[in-house]
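>
2 protein chains.
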Amino acid sequence: MQVYEAPLRDMKFVLHELHTDDGFGNLEALEEFTPDLVDAVLEEAAKVAQEVLLPLNRVGDIEGCTLENGVVRTPKGFREAYDLFREGGWCALASDPEWGGQGLPEQVNKMTEEMICSANLAFSLYPGLTHGGTTAMEGYASDELKQAYLPKMVSGEWSGTMCLTEPHCGTDLGMLRTKAVPQDDGSYKLSGAKIFISAGEHDLTENIVHLVLARLPDAPEGVKGISLFLVPKYLPKDDGTPGPANGVSVAAIEHKMGLKGSATCQLNFDESTGWLVGKPNKGMEAMFTMMNIERVSVGIQGLGVGEAAYQSAVWYAKERLQGRSLSGVKNPDGPADPIIVHPDVRRMLMTMRAYNEGCRAISGWVSRALDAQKHATDPEVKQRAEDFVALMTPVVKALFTDLGFESANLAVQCYGGHGYIAESGVEQYVRDARIAMIYEGTNGIQALDLVGRKLPAHTGRYLRAFFHPVAQFIEAHKEDEAAGPMIEALEKAFGALQLSTATIAQKGMADPEEAAAAATDYLRLTGLVAMGYCFARAALIAQARLAEGVEDAAFYKAKIATARFFFDRILPQATAAFLAIKSGKASIMSLEVEAF
Amino acid sequence: MQVYEAPLRDMKFVLHELHTDDGFGNLEALEEFTPDLVDAVLEEAAKVAQEVLLPLNRVGDIEGCTLENGVVRTPKGFREAYDLFREGGWCALASDPEWGGQGLPEQVNKMTEEMICSANLAFSLYPGLTHGGTTAMEGYASDELKQAYLPKMVSGEWSGTMCLTEPHCGTDLGMLRTKAVPQDDGSYKLSGAKIFISAGEHDLTENIVHLVLARLPDAPEGVKGISLFLVPKYLPKDDGTPGPANGVSVAAIEHKMGLKGSATCQLNFDESTGWLVGKPNKGMEAMFTMMNIERVSVGIQGLGVGEAAYQSAVWYAKERLQGRSLSGVKNPDGPADPIIVHPDVRRMLMTMRAYNEGCRAISGWVSRALDAQKHATDPEVKQRAEDFVALMTPVVKALFTDLGFESANLAVQCYGGHGYIAESGVEQYVRDARIAMIYEGTNGIQALDLVGRKLPAHTGRYLRAFFHPVAQFIEAHKEDEAAGPMIEALEKAFGALQLSTATIAQKGMADPEEAAAAATDYLRLTGLVAMGYCFARAALIAQARLAEGVEDAAFYKAKIATARFFFDRILPQATAAFLAIKSGKASIMSLEVEAF
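Residue numbers (our numbering), protein chains in the order written: chain D, 1 to 596; chain C, 1 to 596.
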């Protein structure tokens with residue numbers, strides 16, 4: 001059964017205890033968002049997620065979206081839910097107040113995103129993509145375009161898309177063919193076919209604003225000849241309301257493994273009117289603004305599904321009676337004990353739990369940096385925040401989605417045969433979560449971004465924004481008996497990461513394939529160290545609180561138990577990753593292509 | 001795209017070069033099955049798999065099975081394919097000639113099973129379960145039942161099922177409620193509800209023979225009060241043809257994540273006539289005969305899907321043009337290079353390849369033992385073969401299905417966004433493969449079987465059938481320069497396995513939860529060592545062949561490359577498993593149930 005209660009206690013811990021500073025200091029611009037206000041927002045978001053979105057999650061999977069005569073219909077209830085969502089101001093949460101947004105800290109926004117994704121991943125795509133679009137427009141669109149589109153997009157009245165992929169190119173956007181021909185009035189006529197467009201067409205909003213990558217007639221080849229255009233589904237009339245159709249049609253909706261409540265469309269642009277966003281041939285830059293925001297959000301999707309899967313598995317493990325505890329009967333009045341008594345079931349639950357708490361802690365850290373990058377007044381702090389975000393964006397995207405998918409699968413495993421049946425609701429989590437490892441750049445591409453772009457940038461400066469606090473923390477607590485084995489394990493993994501970094505930097509300089517061959521394992525290793533750092537810090541905070549004699553001791557005790565599990569059972573993966581990195585590219589690349 | 005060509009070259013290598021003896025010596029009874037004959041059978045099986053079953057794999061997924069007025073229809077084409085399959089004698093391949101079987105070696109049978117599962121996993125269930133049923137009947141049924149049912153089941157004219165699970169009990173069969181009431185004529189009347197019955201009802205055969213676990217009226221509680229019964233769908237008339245219906249009805253077919261071409265039924269038995277198979281209250285023993293056969297076969301299912309996924313991924317990686325090789329343009333006439341040039345894609349392909357070749361090598365080893373257990377004349381050899389099979393059955397089941405599922409997911413990842421779309425065919429492999437980690441005992445249950453039953457049995461005797469050849473091999477090749485780093489890595493992993501075994505034996509004696517907490521990692525570690533042993537041996541054989549100057553040098557070179565990849569990139573998982581085992585149960589069990 002799909003059950004979900006927003007993990008507010010852990011979220012508050014991350015926001016108010018774990019990531020209050022992170023070396024980014026006080027952010028004056030966000031001072032109005034007091035802990036009480038933040039908590040109130042989170043509690044309201046939890047209600048929306050639990051009461052409005054969760055009940056539609058299975059409906060979305062069963063009904064899916066339909067295309068009839070060019071019209072896409074979302075599953076029953078989605079429209080009403082979207083109206084409620086929009087009217088509640090949830091679309092505008094993190095946007096700039098200049099355009100009607102509420103300007104909430106990213107820390108709060110990301111927690112809210114997590115809840116929405118836990119409750120209904122397919123639904124989350126509709127408002128989610130709009131947010132990426134508005135951010136790109138804030139940075140690159142002309143004032144005229146901003147005035148005409150941003151207020152309606154920020155409020156959620158109109159939704160947005162990102163139109164990148166074409167049938168023959170996804171990762172390699174340099175090959176794209178959609179054309180944009182300049183018109184005398186300063187607009188462009190766009191023609192071409194796009195695929196895999198999330199929320200490309202639907203019945204939730206009265207207009208849809210497509211941000212489309214295309215080529216100008218005189219564009220240079222490859223990625224250097226790509227420009228970004230805004231193409232509305234309906235051209236706005238003078239009064240700003242949607243006017244005539246703009247030649248954007250739906251060729252098909254994709255039949256996907258999951259995420260069926262989200263309309264993934266093949267769109268045809270047939271001399272559609274559009275306007276340039278940013279400079280000619282500089283579309284990739286604007287697109288990456290959007291993309292980087294989406295990448296962190298896709299990571300959160302992985303966490304969201306992982307949390308929902310965990311909770312559904314816990315519910316079942318307490319409910320399902322099967323076998324007896326090896327340490328003596330626990331449920332003498334029943335025909336058997338609940339399966340949560342069995343160590344191997346507990347192992348699976350603890351794994352999911354550690355993944356979720358670990359990812360949430362990293363998410364809190366990265367979104368603290370997102371806030372600092374926007375609001376810090378000290379340029380040094382601002383720079384460091386930017387560096388950290390740049391470094392961690394591919395890690396969040398790939399690590400969280402890998403682990404979220406693993407959690408979904410562990411949930412199915414906890415359910416046994418019942419998990420394979422649609423009625424259980426948990427196999428949906430597997431199918432839904434699977435796409436997050438792929439879209440917005442496959443996880444392999446994230447790893448290449450990390451080793452190929454982020455590591456070498458400014459001679460390793462990005463990395464220092466991460467290594468420095470970790471090294472400092474280890475140094476500060478080395479002699480700390482309470483932290484003992486955790487710090488030791490963290491230090492070892494951090495050492496492996498430093499050594500791997502040096503190896504990749506050195507070998508990769510002479511042969512970029514060496515860096516590429518190490519990429520996926522390196523990303524995982526980085527993620528594990530980040531998680532280890534967060535867990536060690538969290539455990540120390542918890543120990544201190546317990547020593548003080550807090551009221552909700554159970555929460556802090558559980559935090560320590562989960563941290564310990566992480567160090568005992570998850571962090572050992574770091575050794576395997578390190579050994580794989582060390583082995584180099586030879587065994588990956590030596591088999592001739594013909595031999596496959 | 002789903003492409004598949006049976007990996008005959010590797011199969012022949014495993015059969016004729018890698019596992020010709022394995023310490024089980026010559027099996028005279030199988031001498032008639034010369035390498036030429038075996039190869040001819042494999043080649044014919046390949047044709048059936050590729051030409052008859054593969055084209056129906058997507059059809060099965062799209063159409064699924066339907067239930068209307070109590071009648072289950074399999075997808076279009078399944079009936080014709082089954083007729084061809086049966087008429088070709090494929091149902092009878094491994095069965096005893098006494099009942100019309102062809103008595104082929106299990107080594108050949110398992111390779112054939114792999115091909116069928118690669119081509120069409122859903123289809124494989126129909127003949128597959130019958131074989132488990134006939135083997136149980138050969139061992140436990142009365143002569144009368146054997147005469148009446150075995151010839152028709154062996155030929156495939158009638159099919160079989162295993163009716164174990166009930167809504168409230170799967171793993172814990174002690175709780176089952178289906179009742180069997182003795183009748184004056186020696187038969188029984190069975191009543192109860194069973195779920196998850198593969199091939200429980202379908203339109204492929206004129207009769208279905210259910211093997212049903214049920215309780216006699218005076219049965220003791222728990223697993224000690226379970227008996228096995230044969231319950232036909234239609235009661236045979238005096239002439240042996242199907243007569244009146246026997247009160248077995250289909251309540252529903254399950255809506256599953258995948259494997260949609262296989263009819264998974266909820267069956268109701270309503271005073272259905274049945275006959276006891278084996279002794280009263282000894283049903284678990286007969287059931288485990290069936291179950292153990294099925295467990296190895298389910299492992300093969302994992303391998304089968306893994307191989308199909310690999311081949312489909314290779315096809316795409318050679319076809320899909322995206323980006324340029326980091327070591328210089330490889331496809332100068334095209335707009336981009338095929339993605340197989342990219343190290344991270346290559347890493348995924350090599351991983352799948354190593355999993356498949358490694359599992360196939362283990363499969364060849366275990367089926368050689370299956371043959372020896374049946375046909376060896378030396379009682380010592382027979383015993384050792386039985387021990388090895390007992391030990392490796394849970395390893396094959398869990399390891400192969402875990403890795404098969406991982407391969408299916410890697411295939412999707414190679415396809416990127418296209419892999420998430422149904423048309424690509426690869427997401428089906430993920431959905432189909434998922435169940436194999438669950439049915440016939442979840443992989444967690446396999447791990448418990450390994451550490452709880454197989455390790456302690458006869459003070460570790462089963463284990464010796466595995467440890468002894470590995471230790472001997474390492475000893476023999478320690479000084480061998482050609483084997484160098486491989487043997488070193490194998491020795492290290494084997495050392496970790498020996499140490500883990502001692503730890504589990506010691507700790508588990510005092511506290512069975514300690515053994516249970518280590519189980520899943522221990523099974524993985526065992527599997528990795530078995531795979532490492534097979535790869536090291538295969539690489540040495542390949543080196544020798546190359547030194548001799550064989551014709552198909554490419555095959556042997558590729559074998560060495562894959563082995564090297566295994567040692568560099570897969571075997572390091574052993575260290576992580578070892579560390580997790582070492583950490584004990586504390587971090588798994590310390591969180592209070594209420595804290596979840």
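Glycine residues also receive a C-beta, built at the ideal position from the N, C-alpha and C atoms.
#1: Per DSSP, what kind of secondary structure is residue 375/C in: helix, strand or coil?
#2: Measuring straight from C-alpha to C-alpha, what distance separates residue 481/C and residue 473/C?
#3: Does residue 448/D come within less than 8 angstroms of chain C when only Cβ atoms are used?
#4: So does the stretch 503-522 of chain D actually touch the stretch 438-455 of chain D, counting three or more Cβ pairs closer than 8 angstroms?
#5: Starting from the beta carbon of residue 512/D, find every residue of chain C whose beta carbon is closer than 7 angstroms, and list them in chain order.
#6: For the structure I just gave you, are there three or more beta carbon pairs, one from the stretch 185-201 of chain C and one from the stretch 267-276 of chain C, closer than 8 angstroms?
#7: For residue 40/D, does the count of other Cβ atoms within 10 angstroms reach 16, so buried, or fall short, so exposed?
#8: Which bits of chain C does residue 368/D rub up against, with CB to CB less than 7 angstroms?
#9: Given that a residue counts as buried once 16 or more other Cβ atoms are within 10 Å of its Cβ, and exposed if not, what is residue 562/C?
#10: Quick one: grab the DSSP three-state call for residue 290/D.
#11: Below 7 angstroms CB to CB, which residues in the same chain sit around residue 513/D once its five sequence neighbours on both sides are set aside?
#12: Measuring straight from C-alpha to C-alpha, what distance separates residue 460/C and residue 125/D?
#13: Cα-Cα, which of 238/D, 365/D, 231/D, 239/D is closest to residue 246/D?
#14: With 8 angstroms as the threshold, decide whether the Cβ of residue 117/C is near any Cβ in chain D.
#15: Could you pull out every residue in the same chain whose Cβ sits closer than 7 angstroms to the Cβ of residue 556/D, ignoring the five residues on either side in sequence?
#16: To which residues does DSSP link residue 210/C through a beta bridge?
#17: Tell me, please, whether the CB atom of residue 170/D is closer than 8 angstroms to any CB atom in chain C?
#18: Thinking C-alpha only, which one of 365/D, 12/D, 286/D is nearest residue 24/D?
#19: Under DSSP, the alpha helix (DSSP H) around residue 469/C begins and ends at which residues?
#20: Could you pull the start and end residues of the beta strand (DSSP E) that residue 139/C belongs to?
#21: Quick check: is the beta carbon of residue 572/C nearer than 8 angstroms to any beta carbon in chain D?
#22: Going by DSSP in three states, residue 268/D sits in which element: helix, strand or coil?
#23: Can you give the Cα-Cα distance for residue 536/C and residue 457/C, rounded to whole angstroms?
#24: Please state whether the Cβ-Cβ distance between residue 333/C and residue 107/C is less than 8 angstroms.
#25: Pick out whichever of 367/C, 406/C, 352/C, 399/C has its Cα sitting closest to the Cα of residue 387/C.
#26: Would you give the residue range spanned by the alpha helix (DSSP H) that residue 524/D belongs to?
#27: What would DSSP say about residue 318/C, mapped onto helix, strand or coil?
#28: With distance defined between alpha-carbon atoms, name the residue in 529/C, 467/C, 448/C nearest to residue 493/C.
#29: Determine the extent of the alpha helix (DSSP H) in which residue 151/D is found, giving its start and end residues.
#30: If you measure beta-carbon to beta-carbon, which residues of the stretch 379-394 of chain C are closer than 8 angstroms to chain D?
#31: If you follow the beta strand (DSSP E) that residue 569/D is part of, which residue opens it and which one closes it?
#32: Would you report the Cα separation of residue 281/D and residue 214/D, rounded to the nearest angstrom?
#33: Is the separation between the beta-carbon of residue 391/C and that of residue 463/C shorter than 8 angstroms?
#34: Checking the sheet assignment: what are the DSSP bridge partners for residue 66/D?
#35: Tell me the rounded alpha-carbon separation between residue 568/D and residue 12/D.
#36: Cβ of residue 585/D less than 8 angstroms from any chain C Cβ?
On the basis of the data shown:
#1: The count along the second sequence starts at 1 and reaches residue 375/C at position 375. DSSP places residue 375/C in helix when its eight states are reduced to three.
#2: Indexing the second sequence from 1 puts residue 481/C at position 481. Indexing the second sequence from 1 puts residue 473/C at position 473. Answer to the nearest angstrom: the Cα atoms are 14 angstroms apart.
#3: Locating residue 448/D in the first sequence gives position 448, where the first residue counts as 1. At least one CB atom of chain C sits nearer than 8 angstroms to the CB of residue 448/D.
#4: As far as the Cβ criterion goes, the stretch 503-522 of chain D touches the stretch 438-455 of chain D, which means the pair count is three or higher.
#5: Position 512 of the first sequence, counting from 1, holds the residue named residue 512/D. Simply 326.
#6: Taking one beta carbon from each stretch, the stretch 185-201 of chain C and the stretch 267-276 of chain C have 3 or more pairs nearer than 8 angstroms; the two touch.
#7: On the first sequence, position 40 is the one that residue 40/D refers to. With fewer than 16 Cβ atoms within 10 Å of its Cβ, residue 40/D is classed as exposed.
#8: The count along the first sequence starts at 1 and reaches residue 368/D at position 368. Residues of chain C with a Cβ closer than 7 angstroms to the Cβ of residue 368/D do not exist, since the nearest Cβ in that chain sits about 27 angstroms away.
#9: In the second sequence, the residue the question calls residue 562/C occupies position 562. Buried, because 16 or more other Cβ atoms sit within 10 Å of the Cβ of residue 562/C.
#10: Here residue 290/D refers to the residue found at position 290 when the first sequence is read from its first residue. Three-state result, residue 290/D: helix.
#11: To locate residue 513/D, count along the first sequence from 1; it is residue 513. So the list reads 585, 589, once near-sequence residues are dropped.
#12: The residue you call residue 460/C lines up with position 460 of the second sequence. The residue you call residue 125/D lines up with position 125 of the first sequence. Near 55 angstroms, if we compare the C-alpha coordinates of residue 125/D and residue 460/C.
#13: Reading the first sequence from its first residue, position 246 is the one you call residue 246/D. Out of 238/D, 365/D, 231/D, 239/D, 231/D has the C-alpha closest to the C-alpha of residue 246/D.
#14: Within the second sequence, the letter at position 117 stands for residue 117/C. Contact of residue 117/C with chain D is not assigned, every C-beta pair being separated by 8 angstroms or more.
#15: As a working mapping, residue 556/D is identified with position 556 in the first sequence. Closer than 7 angstroms at Cβ, skipping near neighbours: 542, 545, 546, 550.
#16: Counted from its first residue, the second sequence places residue 210/C at position 210. Beta bridge pairing from DSSP links residue 210/C with 161/C, 231/C.
#17: Your numbering for residue 170/D matches position 170 in the first sequence. Taking Cβ atoms only, chain C reaches closer than 8 angstroms to residue 170/D, which makes this a yes.
#18: Residue mapping note: residue 24/D aligns to position 24 of the first sequence, counting from 1. It is 365/D whose Cα lies nearest to the Cα of residue 24/D.
#19: Counting from one through the second sequence, the residue named residue 469/C turns up at place 469. Counting along the chain, residue 469/C sits inside the alpha helix (DSSP H) bounded by residues 461-477.
#20: Here residue 139/C is taken as the residue at index 139 of the second sequence, counted from 1. Run containing residue 139/C: none in the beta strand (DSSP E); it sits in the alpha helix (DSSP H), 121-140.
#21: Counting from 1 along the second sequence, the entry for residue 572/C is found at position 572. Contacts with chain D at 8 angstroms (Cβ-Cβ) include residue 572/C.
#22: Counted from its first residue, the first sequence places residue 268/D at position 268. Shown here, residue 268/D sits in a strand according to DSSP, grouped into three states.
#23: The residue given as residue 536/C occupies position 536 in the second sequence. The residue given as residue 457/C occupies position 457 in the second sequence. C-alpha of residue 536/C to C-alpha of residue 457/C: approximately 29 angstroms in a straight line.
#24: If you number the second sequence from 1, residue 333/C lands on position 333. If you number the second sequence from 1, residue 107/C lands on position 107. Contact flag unset, no.
#25: Within the second sequence, the letter at position 387 stands for residue 387/C. Checked all of 367/C, 406/C, 352/C, 399/C; the closest Cα to residue 387/C is 367/C.
#26: Within the first sequence, numbered from 1, the residue matching residue 524/D stands at position 524. Taken as a continuous stretch (DSSP letters only), the alpha helix (DSSP H) holding residue 524/D covers 512-548.
#27: Along the second sequence, read from residue 1 onward, the residue named residue 318/C stands at position 318. Three-state DSSP puts residue 318/C in a helix.
#28: In the second sequence, residue 493/C corresponds to position 493, counting from 1. Selected option, being the one with the closest Cα: 529/C.
#29: For this step, residue 151/D is matched to residue 151 along the first sequence. Judged by DSSP secondary structure, residue 151/D falls within the alpha helix (DSSP H) whose first and last residues are 143-155.
#30: Per Cβ criterion, the list is empty.
#31: In the first sequence, residue 569/D corresponds to position 569, counting from 1. Membership of residue 569/D in any beta strand (DSSP E) is not indicated, and neither H nor E is assigned to it by DSSP.
#32: Sequence index remark: in the first sequence, residue 281/D carries index 281 (1-based). Sequence index remark: in the first sequence, residue 214/D carries index 214 (1-based). When rounded, the distance between both Cα atoms is 9 angstroms.
#33: As a first step, residue 391/C must be located in the second sequence, where it is residue number 391. As a first step, residue 463/C must be located in the second sequence, where it is residue number 463. With respect to residue 463/C, residue 391/C sits close: the two C-beta atoms are nearer than 8 angstroms.
#34: Here residue 66/D refers to the residue found at position 66 when the first sequence is read from its first residue. As computed with DSSP, residue 66/D is found in a beta bridge with 73/D.
#35: One-based indexing of the first sequence puts residue 568/D at position 568. One-based indexing of the first sequence puts residue 12/D at position 12. In a straight line, the C-alpha of residue 568/D is about 26 angstroms away from that of residue 12/D.
#36: Residue 585/D sits at position 585 when you count from the first residue of the first sequence. Output row for residue 585/D: interface = yes.
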